[in-house]
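Report on the following structure.
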Amino acid sequence: MPDKRRRFFIRTFGCQMNESDSERIAGLLNQAGAVKADRPEDADVIIVNTCAVREKSEEKLFSYLGRLAELKKSRSVRIAVVGCVAQLRSWELLEKKGTVDFVLGPDNSAELPSLVKGDTSEKFVSTSWSEKWTETSPGLIQRDSPVSGYVTVMEGCDNFCAYCIVPYTRGREKYRSLKSILAEVRDLARHGYLEVQLLGQNVNSYRDPESGKAFPDLLSEVAAVDGLGWIRFLTSHPKNFGPEIAEAMAGINKVCRHLHLPLQSGSSAVLKRMRRGYTKEEYLGIVSRLRSLMPGLSLSTDIIVGFPGETEKDFEETVEVLSEVRFTSLFSFRYSPRPSTAASRLKDSVPKVEKQRRLEEIQRLQKTIQLEDHGHLVGKTIKVLCLGRGQKTPHLFAGRNEGSQVVNFSSDEDQIGRFVEVRVTGFGPFSLSGEKTS
Ligand code: SAH
Ligand code: SF4
Ligand code: F3S
596 MPDKRRRFFI RTFGCQMNES DSERIAGLLN QAGAVKADRP EDADVIIVNT
646 CAVREKSEEK LFSYLGRLAE LKKSRSVRIA VVGCVAQLRS WELLEKKGTV
696 DFVLGPDNSA ELPSLVKGDT SEKFVSTSWS EKWTETSPGL IQRDSPVSGY
746 VTVMEGCDNF CAYCIVPYTR GREKYRSLKS ILAEVRDLAR HGYLEVQLLG
796 QNVNSYRDPE SGKAFPDLLS EVAAVDGLGW IRFLTSHPKN FGPEIAEAMA
846 GINKVCRHLH LPLQSGSSAV LKRMRRGYTK EEYLGIVSRL RSLMPGLSLS
896 TDIIVGFPGE TEKDFEETVE VLSEVRFTSL FSFRYSPRPS TAASRLKDSV
946 PKVEKQRRLE EIQRLQKTIQ LEDHGHLVGK TIKVLCLGRG QKTPHLFAGR
996 NEGSQVVNFS SDEDQIGRFV EVRVTGFGPF SLSGEKTS
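Under our numbering, the first residue of the sequence shown carries the number 596, and numbering increases by one thereafter.
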């Protein structure tokens, strides 16, 4: 008998929280009797989980919707746009793009299963905020990785950095109860997961709505769950990264010696206009405190170049901080004005070619730093959590070390889902390579 179940395909843009939301959506649809398709061509419903953080993120969505419009000409398929652009553009998405059937904001994805089940040809939009946390039973979530699991601990942001759209797409900060977080972490551990990644736009401001416990307590209670190897968390904000958080990190072995701490700019004047709430000196102070507590700590960061009014001198300060701190990895972006944000009312004064030049300069510098630092690891043996096979090198296994560096390695036996000792034998700017020690 042919399988009559509805088939869904999910395409995810954006950050880890979106990836995690897509895993939850897949679980909810599964529970409603639908099955996942590997290609959009095989699906009855296509869900596009979207990101609005830069103009380019939205452009990518619109070009993808263009492709789906073509697909829709040849078969009956319904298209749901969910996530941050859905929240931001809401009805506009239906009006501008005849292609889209359903629009659901980040707080409204629980409404998807009933839409997918029904045969309605009506269009549907739901983008209302909810102050309450919507729980999904951990057993339902369809995770992409069998080794490392995302666990969302808070959502939204109250910071309103001048350039950032996230507070308008994810709303105000809300926190998940510690009890539910721990239930999900225990469920992961029971299923053999070795790593959890605690997610939130601003994890360090976490407060348990029931007990008032803060981020350091969250870390220690998660670490007390048996079976877990490594704990990571993201994203931290330097403004909320007090000494108590650094100490909690240093005091718990399971917490990886890696921190993503977005700097955005090395110029205190630019940071002030960005409304980041810290100076260059304060940022460097946090870094030196962290490194004295945890020698060898790996740090990664985000940089925006060409923020309104960024002078050559401001930019040079960013270059200096990058040379001084020597991050293990860098995510760098050209400033992109976003609707409703405070910076969108400032003149976008740095020309695009100049933004591009600055971007390329820091990326070149970062590449040199990474090549040098990776070179120092050759001949050393490092502990790697094997997450799967190399994307471009399927004959090799791939994983990350504690510092979140990508490591590809050879082994005669399957290593996926294990901690492996790897001897580093080679490197490129963005990864290390090696072999499992016997
Ligand atoms: N909650 C996280 C993630 C924010 S978005 C945080 O606070 O860091 C991820 C990164 O995108 C930001 O750190 C910033 O570097 C970049 N970004 C955000 N808005 C941007 C914009 N308008 N133009 C360019 N880059 C932007
Ligand atoms: Fe955006 Fe700033 Fe909030 Fe990060 S802290 S999500 S950059 S407003
Ligand atoms: Fe993008 Fe929304 Fe994440 S804007 S970065 S998908 S929070």
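The C-beta atom is built at its ideal place from N, Cα and C for all residues, glycine as well.
Run of the alpha helix (DSSP H) containing residue i, from where it starts to where it stops
i, result
"K655", "650 to 669"
"R781", "773 to 785"
"D909", "907 to 920"
"S617", "611 to 626"
"S1042", "For the chain, the structure presents residues 596 to 1033; residue 1042 sits outside this window and is missing."
Closest by C-alpha distance to residue i, when choosing among the options
i, options, result
"I736", "R771, L783, P701, S721", "L783"
"T923", "L856, S860, E877", "L856"
"T830", "E779, E967, F926", "F926"
"E1008", "R1018, R929, S1033", "S1033"
"N996", "T976, P733, Q682", "T976"
"R870", "F928, D812, K808, T936", "T936"
"L917", "Q965, R771, V948", "Q965"
"L900", "Y878, L894, S862", "In the sequence on display, residue 900 carries Val and not Leu. Taking only the C-alpha atoms, the option nearest V900 is S862."
"V780", "P733, G661, G693", "P733"
"R771", "V920, S800, S944", "S800"
"G891", "S999, P838, L941, G751", "S999"
"G678", "R738, G661, V711, S615", "S615"
Inter-residue spacing [alpha-carbon to alpha-carbon] between residue i and residue j
i, j, result
"R984", "T607", "21 Å"
"I641", "P946", "38 Å"
"R619", "F755", "27 Å"
"S721", "E650", "23 Å"
"D803", "S671", "45 Å"
"K667", "K962", "43 Å"
"I840", "F810", "7 Å"
"V817", "T645", "30 Å"
"I957", "R602", "44 Å"
"V1119", "L656", "Outside the modelled stretch of the chain, which goes from 596 to 1033, sits residue 1119, for which no answer is possible."
"V698", "T731", "20 Å"
"L688", "L954", "32 Å"
"R539", "S939", "Not covered by the structure: residue 539. The range shown for the chain is 596 to 1033."
"S740", "K908", "44 Å"
"V850", "P838", "16 Å"
Start and end residues, beta strand (DSSP E) containing residue i
i, result
"A993", "992 to 996"
"I881", "Careful: I881 lies outside any beta strand (DSSP E), inside the alpha helix (DSSP H) at 875 to 888."
"Y745", "743 to 747"
"H969", "Premise fails: H969 lies in the alpha helix (DSSP H), 947 to 970, not in any beta strand (DSSP E)."
"A675", "673 to 678"
"K978", "976 to 984"
"F604", "602 to 607"
With 16 other Cβ atoms within 10 Å as the buried cut-off, status of residue i
i, result
"K950", "buried"
"S931", "buried"
"W686", "exposed"
"A819", "exposed"
"Q611", "exposed"
"E653", "buried"
"G807", "exposed"
Which complete alpha helix (DSSP H) runs does the stretch 816 to 845 hold, if anything under 4 residues is left out? none
Output the residue ranges of the alpha helix (DSSP H) runs that lie fully inside the stretch 690 to 775 and measure 4 residues or longer, sorted by chain position. 707 to 712, 761 to 764
Mind listing, in chain order, the continuous beta strand (DSSP E) runs of no fewer than 3 residues lying wholly within the stretch 999 to 1032? The qualifying runs are 1001 to 1005, 1014 to 1022, 1027 to 1031.
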